[in-house]
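Okay, structure first, notes after.
2 protein chains.
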Amino acid sequence: MARALRADAVRNRDKLLAAAASEFAARGLDAPLEHIAKRAGVSIGTLYNHFPTRDDLLDALLPERLGPAMAEIAAQALAEDDPWRGFETYLAGLLGLQARDRALNDAISQRIPLSPEVHAVCGQGFEQALLIIGRARDAGCLRPDFEPADLLSLTWAMAAVIQRNPQGWRRFLDLYLNGVRVGRR
Amino acid sequence: MARALRADAVRNRDKLLAAAASEFAARGLDAPLEHIAKRAGVSIGTLYNHFPTRDDLLDALLPERLGPAMAEIAAQALAEDDPWRGFETYLAGLLGLQARDRALNDAISQRIPLSPEVHAVCGQGFEQALLIIGRARDAGCLRPDFEPADLLSLTWAMAAVIQRNPQGWRRFLDLYLNGVRVGRR
DNA sequence: AAGTAACCCGAGGGCACCCTCAACTTGTGC
DNA sequence: GCACAAGTTGAGGGTGCCCTCGGGTTACTT
Chain A
88 MARALRADAV RNRDKLLAAA ASEFAARGLD APLEHIAKRA GVSIGTLYNH
138 FPTRDDLLDA LLPERLGPAM AEIAAQALAE DDPWRGFETY LAGLLGLQAR
188 DRALNDAISQ RIPLSPEVHA VCGQGFEQAL LIIGRARDAG CLRPDFEPAD
238 LLSLTWAMAA VIQRNPQGWR RFLDLYLNGV RVGRR
Chain B
88 MARALRADAV RNRDKLLAAA ASEFAARGLD APLEHIAKRA GVSIGTLYNH
138 FPTRDDLLDA LLPERLGPAM AEIAAQALAE DDPWRGFETY LAGLLGLQAR
188 DRALNDAISQ RIPLSPEVHA VCGQGFEQAL LIIGRARDAG CLRPDFEPAD
238 LLSLTWAMAA VIQRNPQGWR RFLDLYLNGV RVGRR
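Residue numbers (our numbering), protein chains in the order written: chain A, 88 to 272; chain B, 88 to 272.
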């Protein structure tokens, strides 16, 4: 077990995490590390002391933001009685997450190579999506050929739309859902 | 009127344009100019001699590739008797263009700020799209609320899909078209 | 064949970002 | 309060890309 951090080190670590969160949210997961250090009021060397690689920083930030958020969305979707509404809810939630903050957008749409840790968290979210997709498909309200890969494409596509028109994804999702639904035009 | 170029200058200009075309096609419109000079077998200074800015290079390249291609696609689409098939044909053609080469993908989806020249060419293509959209809408086979802006979003979305899965756009387009169509499920 | 304008070259300065390390400062345990 | 480990610092070297400019080369003219 690692020795406890010194008091000032804890402070700096926290400041770095806070700065990184807002910088990533604003500029994306490839935001310059030097900006983060500056925003934290700390030298670049200190940043590298605490987080030797960019992935270390991401690992400290993303899982605890992504995991609960995705779980919550899946839970909401599964709480819907109607499988189709559940599916709708899931997508609106996921894409809403992407739209809310550029860091999540980059992570969910994998715009950037992710560390195993973050990848694992995304994988868990994906597992839950399988349930929701399966339920809607089995109920006959989602195209039987709808595959998880389609969901992946959708996150890529929406990541791009969101970047140029942060509100535009809702309209796009409406059209897409309409194409993916069975019956009840 | 500018004086005629010297023979070696013409040769170099041509080599530069050829190199730029393949480099842009492979790496996108923000490919390093130094790579282009190297590929052309010419010094970076010579590149800047002929094309003082990146836009000058793009202006010499894109309009003559983009203009005819987009016109051709629109013509094909309008040649279809069935307005819906025309609309389908148009989108398949446009997105196929994006998928064919990264330079066109970047230009059509405007991943990068474009010069007025290139922008004008894209605008012309857009005009033709209006006809095809209007025809399909008036015939009642395209959602009446489908707007040109939806087409723009689609090019953004597809640009992203194409970058990660060059074939994936066809599947995505199928789903999308299904959502945008009226009647005939 | 010589003179000249046109053209080519590439070293180099600027910038943004990456990352390291040796010298300094500060918290902590005795 | 002292000593030392723990932590901080920022200058600086590396890389990749941008763009310029002064000196060398080459095609055209006569």
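No residue lacks a Cβ here, since even glycine has one placed at the ideal position from N, Cα and C.
Rounded separation between residue i and residue j - CA only
i                      : j                      : result
residue 158 of chain B : residue 215 of chain B : 8 Å
residue 240 of chain A : residue 234 of chain A : 10 Å
residue 243 of chain A : residue 248 of chain B : 6 Å
residue 193 of chain A : residue 256 of chain A : 15 Å
residue 259 of chain B : residue 174 of chain B : 16 Å
residue 195 of chain A : residue 223 of chain B : 35 Å
residue 135 of chain B : residue 103 of chain B : 10 Å
residue 250 of chain B : residue 264 of chain B : 21 Å
residue 124 of chain A : residue 141 of chain B : 33 Å
residue 176 of chain A : residue 164 of chain A : 5 Å
residue 217 of chain B : residue 130 of chain B : 44 Å
residue 155 of chain A : residue 122 of chain B : 45 Å
residue 198 of chain A : residue 267 of chain B : 28 Å
residue 275 of chain A : residue 170 of chain A : Outside the modelled stretch of chain A, which goes from 88 to 272, sits residue 275 of chain A, for which no answer is possible.
residue 269 of chain A : residue 162 of chain A : 24 Å
residue 191 of chain B : residue 153 of chain B : 7 Å
residue 212 of chain B : residue 236 of chain A : 32 Å
residue 225 of chain B : residue 117 of chain B : 40 Å
residue 253 of chain A : residue 246 of chain B : 17 Å
residue 59 of chain B  : residue 188 of chain B : Because chain B spans 88 through 272 in this model, residue 59 of chain B falls outside it and cannot be assessed.
residue 167 of chain B : residue 230 of chain B : 19 Å
residue 144 of chain A : residue 138 of chain A : 6 Å
residue 203 of chain B : residue 219 of chain B : 25 Å
residue 238 of chain A : residue 160 of chain A : 15 Å
residue 201 of chain B : residue 206 of chain A : 35 Å
residue 97 of chain A  : residue 208 of chain A : 26 Å
residue 94 of chain B  : residue 119 of chain B : 27 Å
residue 126 of chain A : residue 99 of chain A  : 12 Å
residue 132 of chain B : residue 186 of chain B : 33 Å
residue 221 of chain B : residue 172 of chain B : 13 Å
residue 90 of chain B  : residue 115 of chain B : 33 Å
residue 261 of chain B : residue 232 of chain B : 19 Å
residue 92 of chain B  : residue 210 of chain B : 32 Å
residue 101 of chain B : residue 128 of chain B : 11 Å
Under the three-state DSSP convention, the category residue i falls into
i                      : result
residue 93 of chain B  : coil
residue 268 of chain B : strand
residue 239 of chain B : helix
residue 201 of chain B : coil
residue 116 of chain B : coil
residue 155 of chain B : helix
residue 163 of chain B : helix
residue 140 of chain B : coil
residue 221 of chain A : helix
residue 208 of chain A : helix
residue 277 of chain A : Residue 277 of chain A is absent from the model: chain A starts at 88 and stops at 272.
residue 234 of chain B : coil
residue 130 of chain B : coil
residue 99 of chain B  : helix
residue 250 of chain B : helix
residue 109 of chain B : helix
Endpoints, alpha helix (DSSP H) assigned at residue i
i                      : result
residue 176 of chain A : 170-187
Beta bridge counterpart(s) of residue i as assigned by DSSP
i                      : result
residue 260 of chain B : None, per the DSSP bridge assignment.
residue 229 of chain A : A:268
Near the ligand ATP: residue i beta-carbon under 7 Å from a heavy atom
i                      : result
residue 160 of chain A : Here there are no bound small molecules, and the ligand ATP is not part of this structure.
Please confirm if the segment 99-111 of chain A is in contact with the segment 148-164 of chain A, defined as three or more CB-CB distances below 8 Å between the two stretches.
With a cut-off of 8 Å, the segment 148-164 of chain A and the segment 99-111 of chain A count as touching, because enough Cβ pairs lie within range.
Say whether the segment 90-107 of chain A touches the segment 169-189 of chain A, bearing in mind that this needs 3 or more beta-carbon pairs closer than 8 Å, one atom from each stretch.
no
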